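Single-structure report; data block below.
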Amino acid sequence: MRRYSVPDWPLLATCLISEASLMKSSRWSRYISALPRQPYSLLYWTRSELDQYLAASQIRERAIERITDVTGTYNDLKIKIFSKYPELFPEEVFNMETFRWSFGILFSRLVRLPSMDGKVALVPWADMLNHSSEVETFLDFDKSSMGVVFTTDRSYQPGEQVFISYGKKSNGELLLSYGFVPKEGTNPNDSVELSMSLDKSDKCYKEKLEALQKHGLSSPQRFPLQITGWPLEMMAYAYLVVSPPDMSQKFDELAAAASRKRKSGKMYPELEEQTLQFILDCCESSISKYTKLLQGGSPLDPITTSAKQTNRKLLLKQLAADLCTSERRILFRTQYILRRRLRDMRKGELRALTILNGFRKLFK
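Residues in the sequence shown are numbered from 1 upward in steps of one, following my numbering.
Set out below in structure tokens:
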């Protein structure tokens, strides 16, 4: 596999399958026997489950992309290597089912080691520590002890659970890779992706799209919203969407700012109200999808093969509801901020108009 320049991820996945097939004769048998056989990461959700339970969330698209990538990687390995060396890679061992399992383990347990130039590795037992957004401790290689270690960032009492950080990830990313959703309001890194797109009826649609594509963006484009606000890149994108034809010379500048390639501290007061209204419309459109999903619910499939399958679907449905509730909460907060800003702007305009009319009457 090294001779075929197989990247680290599929190489590790194949190695894990090989060791698992050796069972007790593998030096890692105790570790492998403790690994879950079917993680609840979105890699294990069926397409119908993703469509049914996560229709409102952008994380659904991320999950579909990941499933497609894993399937494509396996098929590529099968054509280039596995089928050419069946004695080394028998299909009863190296197949789509085992490959999906091994990749599920990697997504939820692989560690990137900063002190080894970002090398990725599975670290038995250490990967069983649970995540907390309140700690910043992470695993790393220690050259003095020649082992993977972590140092706690606070003291622990005997018998108390020790946590590490899986990274500054949103609830959607935690569900995508690890199969869990933190309790609502407990994750300061939580975010929701808001989708924005150009209006195809815009007279400048082609020019704006070309400017976006020049800087690696597209229509639609997703931007992360947090409870604390939204990125400047999203504002630049929104300014581009609503900008009129007489601002065509600014299209490239706005697209560059939306892609982080250029800092744009310049605002356009004459477009601000229209820009904020556009973002609010996108936000409220997304909220309506979440509300419809959460209020309408998603009925379980009428036919279930076993109690185990029914319990699994109930769990997936609850995970999806928890995620959608937390993402909608961020959208509600954004909606509130936008409405207040627009209201204040319009009250200011109305007050200025009232004063102007007063002067007109005075001089009549």
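Quick reminder that beta carbons are idealized off the backbone N, C-alpha and C, glycines included. Given the structure is predicted, the values throughout are model-derived calculations rather than measurements.
Here R312 carries a helix assignment [DSSP, helix/strand/coil]. A Cβ-Cβ separation of about 5 Å places S115 in contact with F141 under the 8 Å criterion. In the three-state DSSP reduction, D246 falls in the helix class (H, G or I).
Going by DSSP, D142 is part of the beta strand (DSSP E) stretching over D140 to D142.
Annotated as distal: L276 and V241, with beta-carbon spacing of 8 Å or more. In this structure the stretch 170-177 touches the stretch 187-203; the number of beta carbon pairs closer than 8 Å is three or more. For the pair E184 and T334, the CB atoms are not nearer than the 8 Å cut-off. Closest in C-alpha terms to L225, from the list W45, C283, K317 and L42, comes C283.
Here the C-alpha atom of T228 lies approximately 16 Å from the C-alpha atom of I279. Look at the stretch 175-248 and you find these whole runs of alpha helix (DSSP H), each 4 residues long or longer: 205-214 and 232-242. In the three-state reduction of the DSSP assignment, A121 falls in the strand class, which pools E and B. Per DSSP, reduced to three states, the secondary structure at V149 is strand.
Sorting L129, Q161 and L294 by C-alpha distance to the C-alpha of V149 places L129 at the top. Counting only the Cα atoms, F332 lies some 11 Å from Y290.
Secondary structure note for L254: its alpha helix (DSSP H) is the uninterrupted segment F251 to A258. Inter-residue distance for Q161 and E233 is about 40 Å (C-alpha atoms, whole angstroms). Counting every other CB atom within 10 Å of its CB across the protein chains shown gives R47 a total below 16, marking it as exposed. Within 10 angstroms of the beta-carbon of W230 lie 16 or more other beta-carbons, which makes it buried. The C-alpha of L42 is placed about 12 Å away from the C-alpha of F103.
E92 is classed as exposed because its beta carbon has fewer than 16 other beta carbons within 10 Å across all chains shown. Contact between L122 and L12 holds, since their C-beta atoms are separated by about 7 Å, short of 8 Å.
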